[in-house]
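Undergrad:
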Amino acid sequence: MYQFSNNWFEAHKPSWKKLLEYSQPKNILKIGSYEGQSAVFAVSTILDIQPELVNITRIDTWEGGREHVNDNMPSVEQRFDSNLEIVSRKYGKRFNLKKIKKDSFSALSELCASFPSQEFDFIYIDGSHDASDVLYDAVASFKLLKLNGLMCFDDFLWHAGDRNPLHTPRQAIEAFISCYRDKVFLFDSAQARQCWLSKTHH
């Protein structure tokens, strides 16, 4: 049985289900993993409607950020491992997980160095909430995103208006979209807490 200590992802399921069933991504990159809720949902949604192999690459330090000072992060990582093991047993050879336990700067730098052998058709950015980190994650990830691939930013409105904007994702997301506006299509996912786009040009 899956072990989740929160229901943060619950509100995103309707839009994720619609977009994942439409796009059916086979190679997924996730920055920030926590307990693996989004991975479990994504893999289950995709593999329940098609038989092909789904690869997920997960990047996380499992050390947490300033908002996780009261969390037992070793236990969080244990729940992640347990949850993804359940997925692996359920889908067998149709599912492949690559767990990268590093900071996103190091991990993404290594993935970019191997480009174009490493490309993804869906990238989910949900790691550090600091604007500078989010901006780096976005720029580096975009290089790894296939043409017409999807990118999703979480926590667009996280602590909007009540926290130093440099410690929230929104400023970075808006800056990235502004700089890449001729290479992306921004679309409505029916909820404002996440930001979705597709890559239209390299």
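Numbering follows my numbering, with no gaps: position 7 of the sequence shown is 25. Each residue gets a CB set at the ideal place from its N, CA and C atoms; glycine is no exception.
1. Which two residues bound the contiguous alpha helix (DSSP H) that contains valine 58?
2. From Pro187, Ser41, Ser159, pick the residue whose C-alpha is nearest to that of alanine 65; which is it?
3. By the three-class DSSP mapping on this structure, what secondary structure does aspartate 200 have?
4. Return the chain-ordered list of same chain residues with a C-beta closer than 8 Å to the C-beta of methionine 91, the five sequence neighbours on each side being excluded.
5. Are the Cβ atoms of asparagine 45 and aspartate 139 separated by less than 8 Å?
6. Could you give the DSSP three-state label for arginine 107: helix, strand or coil?
7. Within 10 angstroms of its Cβ, does phenylalanine 205 collect 16 or more other Cβ (buried), or is it exposed?
8. Report the three-state DSSP secondary structure of phenylalanine 87 (helix, strand or coil).
9. Along the chain, where does the alpha helix (DSSP H) containing serine 41 start, and where does it finish?
10. Do isoleucine 49 and aspartate 144 have their C-beta atoms within less than 8 Å of each other?
11. Which ranges does the beta strand (DSSP E) cover as unbroken runs of at least 3 residues, wholly within the segment 131-194, from first to last along the chain?
12. Under 8 Å, with one C-beta from each stretch per pair, do the segment 154-166 and the segment 91-102 reach the 3-pair mark?
13. Return helix, strand or coil for serine 216, following the three-state DSSP convention.
14. Going by beta carbon distance, what residues of the same chain come within less than 7 Å of glutamine 212, once the five residues before and after it are set aside?
15. Can you check which of these residues, Leu129, Ala156, Ser23, Glu70, is closest to proline 43 by C-alpha distance?
16. Please list the terminal residues of the continuous beta strand (DSSP E) segment that includes leucine 115.
17. Roughly how many angstroms lie between the CA atoms of leucine 47 and glutamate 85, to the nearest whole one?
18. If we call anything under 8 Å between Cβ atoms a contact, is alanine 125 one with isoleucine 77?
19. So what does threonine 75 bridge to, in DSSP terms?
20. Taking phenylalanine 113 as the reference, which of Ile141, Tyr142, Asp89, Val61 has the closest Cα?
TA: To lay it out plainly:
1. 55-65
2. Correcting the residue type first, residue 65 is leucine in the shown sequence and not alanine. Cα-wise, what sits closest to leucine 65 is Ser41.
3. coil
4. Trp80, Glu81, Gly82
5. yes
6. helix
7. exposed
8. Reading off the sequence, residue 87 comes out as valine, not phenylalanine. Coil, per DSSP.
9. 31-41
10. yes
11. 138-143, 163-171
12. no
13. strand
14. His30, Cys170, Phe171, Asp172, Phe174
15. Glu70
16. 113-118
17. 23 Å
18. yes
19. Leu47, Lys116
20. Val61
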